[in-house]
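Some notes on the structure that comes next.
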Ligand SMILES: Nc1nc2c(ncn2[C@@H]2O[C@H](COP(=O)(O)OP(=O)(O)O)[C@@H](O)[C@H]2O)c(=O)[nH]1
Ligand SMILES: [Mg+2]
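Numbering (full-length UniProt numbering), first residue to last: 1 to 403.
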């Protein structure tokens with residue numbers, strides 16, 4: 001490998017000289033702007049320092065005298081390298097380093113390994129930087145594509161985790177609201193249509209006083225039953241009875257029994273349909289009978305139909321599906337459909353204290369098409385339970401109120 005440095009006024013001049021002296025296979029390995037040395041050089045404009053290299057075997061030039069002494073060539077390129085490092089410069093950068101034209105000897109050398117690794121490193125850095133820029137640009141394009149053409153309302157609904165297909169439906173519904181009101185007011189109207197509160201819904205005159213809570217494990221059914229029992233018996237002075245359906249004999253009844261003992265209210269565990277009949281019978285002087293259910297999966301149709309038989313036996317139209325506000329969107333429909341055979345006619349949404357976005361309330365209500373009877377906001381029995389109007393729930397969803 002032959003490597004040569006040229007001090008020239010333009011790249012054109014450099015290319016001409018390189019072609020002439022090193023042949024057509026020569027390549028330019030670096031270029032930078034430099035000033036000539038001395039007072040004259042200080043005021044002079046910058047010139048170009050171009051370094052070119054060519055494989056010995058490919059070099060077609062006859063103008064270059066080939067050095068016999070390989071050791072000397074290696075030393076020469078090392079000297080150049082050291083000088084550059086001392087100057088604190090980079091082979092690819094543009095630097096104002098003073099050089100004396102005369103001091104630049106035409107050096108023919110072997111391409112030293114040090115030089116090659118330096119070039120490799122700087123190429124690698126460059127490639128990494130380009131890759132990084134490509135990623136950043138890709139991200140920017142992707143994000144702008146995602147938001148282009150979306151209204152503020154649409155972006156807000158996405159942010160609070162309302163399902164895409166429900167957002168589309170809501171926006172279409174907003175478009176046909178005839179009144180001349182802001183988009184925010186329109187979205188509020190649509191939300192109030194979706195989120196119906198049981199306290200405002202038309203109640204059937206003779207709604208059963210037997211209240212059953214169903215729903216996935218861990219959503220807060222037992223805690224909610226205890227809260228309701230507490231409110232009714234302690235605050236409303238009602239006579240309340242508690243029943244747990246525990247067909248699995250797993251003993252998961254202690255929790256409710258403890259509450260029943262504290263509140264001093266009757267409590268029964270039923271294992272069979274027959275026992276259910278007599279338990280309800282024994283509480284016929286109660287103003288309200290609250291029935292807790294345990295350990296059923298909405299995906300297990302056997303378990304659901306078993307539960308259905310108990311509910312049919314007590315013949316109530318006061319069944320509440322309990323769903324946590326923290327449920328993932330894709331699970332909401334599975335739960336709502338899985339419990340459909342139980343003919344739930346109310347929804348209780350729990351754990352509002354565990355999330356900061358309430359889009360799931362819209363998803364649950366739109367999917368269930370049933371009114372919300374209660375929302376729960378914490379683990380405290382009996383305090384953390386509320387019945388809210390649809391306006392109050394909408395305010396919560398829109399971030400204009402907090403729990
Ligand atoms: N943060 C919070 N936790 C709750 C709420 N309701 C119930 N829990 C908790 O959720 C867990 C499961 O409740 P539990 O009533 O046993 O659920 P079940 O399996 O549906 O009967 C318990 O640790 C409760 O204290 C609520 O509104 N907010
Ligand atoms: Mg329970």
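Note that the Cβ used here is the ideal one computed from N, Cα and C, for glycine as well.
- Residue 268: member of the beta strand (DSSP E) spanning 267 to 270, first to last residue.
- Within a 10 Å sphere around the beta-carbon of residue 326 sit fewer than 16 other beta-carbons, which makes this residue exposed.
- In this structure, residue 392 has its beta carbon at no less than 7 Å from each heavy atom of ligand 1.
- Looking from the CA of residue 338, the closest CA among 303, 318, 311 and 350 belongs to 303.
- If you check the CB distance, residue 375 and residue 349 come in under 8 Å.
- Remark: the shortest separation between the CB of residue 222 and any heavy atom of ligand 2 falls under 7 Å.
- By the C-beta density criterion, residue 259 is buried, having at least 16 other C-beta atoms within 10 angstroms.
- In this structure, DSSP gives residue 303 a helical state, which the three-state scheme calls helix.
- Looking from the CA of residue 361, the closest CA among 131, 312, 309 and 395 belongs to 395.
- Ranked by Cα distance from residue 380, the first of 351, 28 and 47 is 351.
- Per the coordinates, the alpha-carbon of residue 353 lies some 54 Å from the alpha-carbon of residue 121.
- Contact between residue 356 and residue 198 is absent: CB atoms are separated by about 25 Å, not below the 8 Å threshold.
- The three-state secondary structure of residue 181, taken from DSSP, is coil.
- Non-local C-beta neighbours of residue 194 in its own chain, meaning closer than 7 Å and more than five positions away in sequence, comprise 362, 365 and 366, ordered along the chain.
- Collapsing the DSSP output to three states places residue 264 in coil.
- Residues 209, 232, 238, 239 and 240 of the same chain have their beta carbon placed closer than 8 Å to that of residue 287, with the five preceding and five following residues left out of the count.
- Going by beta carbons, residue 245 and residue 291 fall inside the 8 Å limit.
- For ligand 2, no non-hydrogen atom lies closer than 7 Å to the CB of residue 331.
- At least one heavy atom of ligand 2 sits closer than 7 Å to the Cβ of residue 294.
- Nearest Cα to residue 346 within the set 160, 201 and 184: 201.
- Contact annotation: residue 173 and residue 196 have beta-carbon atoms that are not nearer than 8 Å.
- In this structure, residue 383 has its CB at a distance of at least 7 Å from all heavy atoms of ligand 1.
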